[in-house]
Structures are given as structure tokens and as C-alpha cells.
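Undergrad: Note that this note's numbering gives residue 1009 to position 12 of the sequence shown, counting from 1, and the numbers run on in steps of one. Where a beta carbon is used, it is the ideal one built from N, C-alpha and C, also for glycine. Predicted model only: the values in this text are computed from it and were never measured. Here it is, the structure, as C-alpha cells.
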Amino acid sequence: MIPEGLRYTAEHEWVVAAEGGAVRVGITDFAQDALGDVVYVQLPESGVQVAAGESLGEIESTKSVSEIYAPVGGTVSARNEVLTDTPEVINSDPYGSGWLVEIVPADPASLDALLDAQAYRELTES
998 MIPEGLRYTA EHEWVVAAEG GAVRVGITDF AQDALGDVVY VQLPESGVQV AAGESLGEIE
1058 STKSVSEIYA PVGGTVSARN EVLTDTPEVI NSDPYGSGWL VEIVPADPAS LDALLDAQAY
1118 RELTES
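Printed below as a string of C-alpha cells:
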């Protein structure tokens, strides 16, 4: 399941435009499936500056702990507080209510460098 209209990273994050110039970020269905049952998520506070490609948090599953990487540089404007009590939402709805953070990109054009659905599909099939 790789929705069209989103942008993707090689590290299995997805990005979509949100309100106010922000982008919403989550992990892909491929990533949540590889992780297994998600039991804990550590996310940055609003206002934190993040750099593209750098770690912005962690997802802990019954199998492992994995870094979450910022797909774009900018300022975290929101984080999904639902995940504090119910991190398993990432497994059941990775592209919807299982989103992680919203970031206001320092350079909105940086989204153009991310993978489209077809390129991400090819990455996951190889």
C-alpha cells in the first residue's frame, strides 16, 4: 500500500502538505510492517528545529528500536499526541491517524527532492 500524492524518503517516511505551509510526516506501511507491533514513540516538542536527514525521534516495537529521520529541514509545528497513549495506531493507520509530526519546511522546494509513489514502490520492490 503506497498512496499516490505523497512524497517518500528512502528511510521509509512519507510526507504530505498540511495546513499553514507545514508538512505532515509519518512512516510508511512498509516500515510499520517491518517493525512489527509499535509499543512506544519518542517525538520532538513543537518549536524544535530539525535538519533534513537527521534523527527527530524513535519508534520502539516488539522487534527493535528505530530512528525516525526528518525528511525536510525546518521547525516542528505539531506532534501527534495520540501516540503517547496509543502508539499502536501507527500499525493500524500509518497514513492517517498514525502520523508523527508536522514540520514547517525552511525550504518548501526541498519536497521536490523526495521520492514520488512510483520511485518509492521501486525502492521497496528491489
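Write down every uninterrupted run of the alpha helix (DSSP H) in the segment 1061–1119 whose length is 4 residues or greater and which is fully enclosed by it, in chain order.
TA: For the segment 1061–1119, whole alpha helix (DSSP H) runs of length 4 or above, ordered along the chain, are 1079–1082 and 1086–1089.
Undergrad: Tell me which residue opens and which closes the alpha helix (DSSP H) that L1053 is part of.
TA: L1053 -> not in any alpha helix (DSSP H); beta strand (DSSP E) instead, spanning S1052 to S1058.
Undergrad: In terms of alpha-carbon separation, which member of V1098, S1061 and G1044 lies closest to W1011?
TA: Ranking the options by Cα distance to W1011, first place goes to V1098.
Undergrad: Assuming the contact rule is C-beta atoms closer than 8 Å, D1034 and E1085 should be a hit. Round their C-beta distance to whole Å, please.
TA: Sure, about 7 Å apart at Cβ, within 8 Å.
Undergrad: With burial defined as no fewer than 16 other Cβ atoms inside 10 Å of the residue's Cβ, what is the status of Y1117: buried or exposed?
TA: It is buried - the Cβ of Y1117 has at least 16 other Cβ atoms within 10 Å.
Undergrad: Is V1020 near V1045, with beta carbons less than 8 Å apart?
TA: Contact: no.
Undergrad: Residues in the same chain with beta-carbon distance under 8 Å from S1107, minus the five sequence neighbours each way, listed in chain order, please.
TA: Excluding positions up to five away in sequence, the list reads A1049, V1069 and G1070.
Undergrad: What do you get for G1054, buried or exposed, if any count of 16 or more other CB atoms within 10 angstroms of its CB means buried?
TA: Classification of G1054: buried, given that the 10 Å Cβ count is 16 or more.
Undergrad: Where does the unbroken alpha helix (DSSP H) through A1014 begin, and where does it stop?
TA: Note, A1014: premise wrong, no alpha helix (DSSP H); beta strand (DSSP E) at E1010 to A1014.
Undergrad: Applying the criterion that 16 or more other CB atoms from any shown protein chain within 10 Å of the CB defines a buried residue, is A1067 buried or exposed?
TA: Classification of A1067: buried, given that the 10 Å Cβ count is 16 or more.
Undergrad: Spatial neighbours of E1016 within its chain, please: CB distance less than 7 Å, with the 5 preceding and 5 following residues excluded, ordered by chain position.
TA: Excluding residues within five positions, none has a Cβ falling inside 7 Å.
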